[in-house]
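To convert, take the position in the sequence shown, counting from 1, and add 432; that gives our numbering. We put the beta carbon where it would ideally sit given N, CA and C, even for glycine. A short write-up of the structure that comes next.
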Amino acid sequence: MKLNKEDLLLYAVTDRKWLHGKSLKSQVEESLKGGVTCVQLREKYMKEEDFYLEALEIKEVCKKYSCPFIINDNVGVAIKCGADGVHVGQDDMVASCVREIIGQDKILGVSVQTVEQAIKAEKMGADYIGVGAVFSTDSKDDAKYVDKETLKAICKNINIPVIAIGGISKDNVLELAGTGIVGIAVISAIYGEKNICQATEHLKKATENMLEVK
(Lines of atoms letter the chains of each structure in order from A and count residues from 1; the text may use other names and numbers.)
(Lines give C-alpha, C1' and ligand atoms only; values in the text may rest on other atoms or scores of the structure.)
Protein backbone atom coordinates (compact mmCIF):
# COMPACT_ATOMS: atom_id res chain seq x y z
CA MET A 1 0.00 0.00 0.00
CA LYS A 2 1.32 3.41 -0.97
CA LEU A 3 1.26 5.92 1.88
CA ASN A 4 0.09 9.46 1.16
CA LYS A 5 0.94 12.24 3.58
CA GLU A 6 -2.82 12.93 3.86
CA ASP A 7 -3.13 9.49 5.48
CA LEU A 8 -1.05 10.81 8.38
CA LEU A 9 -3.22 13.84 9.23
CA LEU A 10 -4.90 12.19 12.21
CA TYR A 11 -3.21 8.95 13.22
CA ALA A 12 -4.94 7.05 16.05
CA VAL A 13 -3.04 4.62 18.30
CA THR A 14 -5.20 2.18 20.24
CA ASP A 15 -5.09 1.59 23.98
CA ARG A 16 -7.23 -0.85 25.99
CA LYS A 17 -7.10 1.45 29.04
CA TRP A 18 -10.34 3.21 28.11
CA LEU A 19 -12.55 0.34 26.92
CA HIS A 20 -14.96 0.55 29.89
CA GLY A 21 -16.87 -2.52 28.76
CA LYS A 22 -16.86 -1.59 25.06
CA SER A 23 -15.01 -3.54 22.38
CA LEU A 24 -11.87 -2.10 20.81
CA LYS A 25 -13.44 -2.71 17.42
CA SER A 26 -16.43 -0.47 18.24
CA GLN A 27 -14.15 2.27 19.57
CA VAL A 28 -11.96 2.17 16.47
CA GLU A 29 -15.06 2.38 14.28
CA GLU A 30 -16.28 5.44 16.21
CA SER A 31 -12.91 7.13 15.61
CA LEU A 32 -13.05 6.25 11.91
CA LYS A 33 -16.55 7.75 11.66
CA GLY A 34 -15.09 10.90 13.20
CA GLY A 35 -12.39 11.16 10.55
CA VAL A 36 -9.28 9.29 11.70
CA THR A 37 -6.96 8.82 8.70
CA CYS A 38 -4.71 6.00 9.96
CA VAL A 39 -5.01 3.40 12.75
CA GLN A 40 -2.20 1.73 14.65
CA LEU A 41 -3.05 -1.32 16.75
CA ARG A 42 -0.82 -1.32 19.82
CA GLU A 43 -0.88 -4.30 22.18
CA LYS A 44 2.21 -4.64 24.36
CA TYR A 45 0.85 -7.29 26.74
CA MET A 46 -1.52 -9.46 24.71
CA LYS A 47 -0.81 -13.10 23.81
CA GLU A 48 0.27 -13.56 20.20
CA GLU A 49 -2.81 -15.51 19.08
CA ASP A 50 -5.21 -13.06 20.73
CA PHE A 51 -3.31 -10.15 19.17
CA TYR A 52 -3.63 -11.79 15.75
CA LEU A 53 -7.39 -12.39 16.10
CA GLU A 54 -7.93 -8.83 17.28
CA ALA A 55 -5.80 -7.54 14.39
CA LEU A 56 -8.06 -9.33 11.90
CA GLU A 57 -11.10 -7.58 13.43
CA ILE A 58 -9.56 -4.12 13.40
CA LYS A 59 -8.19 -4.63 9.90
CA GLU A 60 -11.73 -5.29 8.59
CA VAL A 61 -13.07 -2.10 10.18
CA CYS A 62 -10.21 -0.07 8.69
CA LYS A 63 -10.81 -1.65 5.29
CA LYS A 64 -14.47 -0.58 5.46
CA TYR A 65 -13.33 3.05 5.81
CA SER A 66 -10.37 2.72 3.37
CA CYS A 67 -8.01 3.60 6.22
CA PRO A 68 -4.40 2.36 6.46
CA PHE A 69 -3.98 -0.25 9.23
CA ILE A 70 -0.63 -0.42 11.04
CA ILE A 71 0.60 -2.91 13.65
CA ASN A 72 2.85 -1.67 16.43
CA ASP A 73 6.11 -3.58 16.84
CA ASN A 74 4.91 -7.14 16.10
CA VAL A 75 6.13 -7.91 12.57
CA GLY A 76 4.87 -11.50 12.73
CA VAL A 77 1.29 -10.47 13.49
CA ALA A 78 1.46 -7.73 10.86
CA ILE A 79 2.42 -10.19 8.13
CA LYS A 80 0.03 -12.92 9.28
CA CYS A 81 -3.03 -10.66 9.40
CA GLY A 82 -2.13 -8.78 6.20
CA ALA A 83 -1.80 -5.35 7.81
CA ASP A 84 -0.79 -2.41 5.62
CA GLY A 85 2.35 -1.84 7.66
CA VAL A 86 4.37 -1.90 10.86
CA HIS A 87 5.55 0.79 13.27
CA VAL A 88 8.65 0.27 15.41
CA GLY A 89 10.42 2.24 18.14
CA GLN A 90 14.08 2.66 18.92
CA ASP A 91 14.03 -0.37 21.26
CA ASP A 92 12.18 -2.66 18.84
CA MET A 93 13.48 -4.53 15.79
CA VAL A 94 15.92 -2.46 13.68
CA ALA A 95 14.08 -0.68 10.87
CA SER A 96 16.27 -2.11 8.08
CA CYS A 97 15.51 -5.66 9.29
CA VAL A 98 11.79 -4.90 9.38
CA ARG A 99 11.93 -3.53 5.82
CA GLU A 100 13.72 -6.69 4.67
CA ILE A 101 11.01 -8.88 6.20
CA ILE A 102 7.92 -6.92 5.12
CA GLY A 103 9.19 -6.00 1.64
CA GLN A 104 8.81 -2.75 -0.26
CA ASP A 105 5.01 -2.80 -0.59
CA LYS A 106 4.23 -2.43 3.11
CA ILE A 107 4.32 0.78 5.15
CA LEU A 108 7.13 1.22 7.70
CA GLY A 109 6.98 3.83 10.43
CA VAL A 110 9.69 4.54 12.99
CA SER A 111 9.61 6.49 16.27
CA VAL A 112 12.53 8.85 16.85
CA GLN A 113 13.64 11.57 19.26
CA THR A 114 16.65 13.06 17.47
CA VAL A 115 17.71 14.29 14.03
CA GLU A 116 20.33 11.53 13.84
CA GLN A 117 17.74 8.82 14.52
CA ALA A 118 15.43 10.31 11.90
CA ILE A 119 18.11 10.40 9.18
CA LYS A 120 19.10 6.84 10.02
CA ALA A 121 15.48 5.64 9.93
CA GLU A 122 14.95 7.19 6.49
CA LYS A 123 18.09 5.48 5.18
CA MET A 124 16.84 2.19 6.60
CA GLY A 125 13.63 2.38 4.60
CA ALA A 126 11.10 4.18 6.79
CA ASP A 127 8.09 5.66 4.98
CA TYR A 128 7.26 8.09 7.78
CA ILE A 129 8.61 9.20 11.15
CA GLY A 130 6.83 9.64 14.47
CA VAL A 131 8.45 12.19 16.80
CA GLY A 132 7.70 12.56 20.48
CA ALA A 133 6.74 13.08 23.10
CA VAL A 134 6.13 16.70 22.11
CA PHE A 135 4.07 17.34 25.27
CA SER A 136 3.92 15.48 28.57
CA THR A 137 1.87 12.30 28.34
CA ASP A 138 0.46 9.61 30.63
CA SER A 139 -0.11 7.13 27.79
CA LYS A 140 3.52 5.98 27.58
CA ASP A 141 5.62 5.54 30.70
CA ASP A 142 8.92 5.61 28.79
CA ALA A 143 8.17 8.67 26.64
CA LYS A 144 11.11 11.07 26.20
CA TYR A 145 10.38 14.78 25.68
CA VAL A 146 11.29 16.33 22.31
CA ASP A 147 11.28 20.13 22.07
CA LYS A 148 9.82 22.14 19.21
CA GLU A 149 13.20 23.12 17.77
CA THR A 150 14.25 19.47 17.51
CA LEU A 151 10.94 18.64 15.85
CA LYS A 152 11.55 21.42 13.29
CA ALA A 153 15.11 20.22 12.67
CA ILE A 154 13.93 16.65 12.09
CA CYS A 155 11.35 17.83 9.52
CA LYS A 156 14.01 19.89 7.71
CA ASN A 157 16.61 17.13 7.56
CA ILE A 158 14.58 14.29 6.07
CA ASN A 159 12.47 13.84 2.94
CA ILE A 160 9.73 11.60 4.36
CA PRO A 161 6.60 12.76 6.26
CA VAL A 162 6.82 13.48 9.99
CA ILE A 163 4.04 13.24 12.55
CA ALA A 164 4.18 14.42 16.15
CA ILE A 165 2.99 12.33 19.11
CA GLY A 166 2.72 12.66 22.86
CA GLY A 167 0.20 14.59 24.92
CA ILE A 168 -1.40 16.28 21.91
CA SER A 169 -4.99 17.52 22.24
CA LYS A 170 -7.31 19.93 20.46
CA ASP A 171 -6.26 22.54 23.04
CA ASN A 172 -2.50 22.45 22.36
CA VAL A 173 -2.19 21.21 18.76
CA LEU A 174 -1.93 24.79 17.45
CA GLU A 175 1.42 25.09 19.25
CA LEU A 176 2.85 22.69 16.64
CA ALA A 177 2.11 25.09 13.75
CA GLY A 178 5.08 25.83 11.50
CA THR A 179 7.15 22.83 12.59
CA GLY A 180 6.87 20.99 9.27
CA ILE A 181 4.82 18.03 10.46
CA VAL A 182 2.07 16.63 8.21
CA GLY A 183 -0.14 15.42 11.06
CA ILE A 184 -0.42 14.14 14.60
CA ALA A 185 -0.68 10.78 16.36
CA VAL A 186 -2.86 10.54 19.45
CA ILE A 187 -4.12 7.99 21.95
CA SER A 188 -6.07 9.50 24.86
CA ALA A 189 -7.25 12.58 22.92
CA ILE A 190 -9.48 10.16 20.99
CA TYR A 191 -9.88 6.89 22.91
CA GLY A 192 -9.89 8.52 26.34
CA GLU A 193 -12.93 10.64 25.44
CA LYS A 194 -16.56 9.68 26.19
CA ASN A 195 -17.80 10.64 22.73
CA ILE A 196 -15.04 9.28 20.51
CA CYS A 197 -16.61 10.28 17.20
CA GLN A 198 -17.21 13.88 18.26
CA ALA A 199 -13.77 14.20 19.90
CA THR A 200 -12.19 12.95 16.67
CA GLU A 201 -14.11 15.46 14.55
CA HIS A 202 -13.02 18.36 16.78
CA LEU A 203 -9.40 17.21 16.89
CA LYS A 204 -9.26 16.73 13.12
CA LYS A 205 -10.58 20.25 12.52
CA ALA A 206 -8.06 21.69 15.00
CA THR A 207 -5.24 19.79 13.26
CA GLU A 208 -6.29 21.03 9.83
CA ASN A 209 -6.34 24.58 11.20
CA MET A 210 -2.86 24.09 12.67
CA LEU A 211 -1.47 22.91 9.34
CA GLU A 212 -2.82 26.03 7.60
CA VAL A 213 -0.75 28.29 9.90
CA LYS A 214 2.67 28.95 8.39
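Going by other Cβ atoms of all chains shown within 10 Å of its Cβ, with 16 needed for buried, is residue i buried or exposed?
i, result
"ASN591", "exposed"
"HIS452", "exposed"
"MET433", "exposed"
"ASP570", "exposed"
"GLN536", "exposed"
"ASN627", "exposed"
"SER455", "exposed"
"LEU473", "buried"
In chain order, what residues of the same chain lie with their CB nearer than 6 Å to the CB of residue i, ignoring the 5 residues before and after it?
i, result
"GLU625", "ALA631"
"ASP447", "ILE619 and TYR623"
"GLY466", "CYS629, THR632 and GLU633"
Which residue wins for smallest C-alpha separation from residue i, given the options the options?
i, options, result
"THR639", "GLY615, SER620 and ARG531", "GLY615"
"ASP439", "ASP559, HIS634, VAL563 and GLY610", "ASP559"
"LYS476", "CYS470, ASN589, HIS519 and PHE501", "HIS519"
"ILE533", "VAL544, LYS465, LYS449 and ILE511", "ILE511"
"LYS636", "GLU481, GLY612, LEU606 and LYS538", "LEU606"
"GLY598", "LEU583, LEU488 and GLU462", "LEU583"
"GLN522", "CYS499, GLU548, CYS494 and THR469", "GLU548"
"ALA444", "ASN641, ALA609, GLY610 and ALA596", "ALA596"
"ILE612", "GLU581, CYS470 and LYS602", "Residue identity check: residue 612 is Gly in the sequence provided, not Ile. Checking every option, the nearest Cα to that of GLY612 belongs to GLU581."
"VAL544", "LYS495, ALA585 and GLY508", "ALA585"
"GLU480", "LYS552, ASN504 and THR546", "ASN504"
"GLU461", "ASP482, ASN436 and GLU489", "GLU489"
"GLU633", "LYS437, ASN436 and VAL468", "VAL468"
"CYS499", "LEU435, GLU644, ILE551 and GLU486", "LEU435"
"VAL493", "LEU442, TYR577 and CYS470", "CYS470"
Which one or two residues does DSSP pair with residue i in a beta bridge?
i, result
"CYS470", "TYR443"
"ILE616", "LEU442 and ALA596"
"VAL563", "VAL544 and ALA596"
"ASN504", "HIS519"
Report yes if the C-beta of residue i is less than 7 Å from at least one heavy atom of the ligand GDP; otherwise report no.
i, result
"GLY521", "What this structure holds is no ligand at all, so the ligand GDP is not there to describe."
Ordered along the chain, which non-local residues of its own chain (more than five positions away) have a Cβ less than 7 Å from that of residue i?
i, result
"ILE600", "VAL566, PHE567, ILE616, VAL618 and ALA621"
"TYR557", "Rather than Tyr, the amino acid found at residue 557 in this sequence is Gly. Closer than 7 Å at Cβ, skipping near neighbours: ALA527, SER528, ARG531 and LEU540."
"LYS646", "GLY610"
Using a Cβ-Cβ cut-off of 8 Å (strictly less than) and excluding sequence neighbours within five positions of residue i, which residues of its own chain qualify?
i, result
"LYS653", "Lying outside 433 to 646, the shown extent of the chain, residue 653 is not represented and no answer is given."
"ASN604", "PHE567"
"GLU554", "ILE561, ILE590, ASN591 and ILE592"
"GLN459", "THR446, TRP450, LEU451, TYR623 and ILE628"
| query | Which parts of the segment 506-552 are runs of the beta strand (DSSP E), unbroken and 3 residues or longer, counting only runs that do not cross its ends? | reply | With a minimum length of 3 residues, the unbroken runs of beta strand (DSSP E) contained wholly in the segment 506-552 fall at 517-520 and 539-544.
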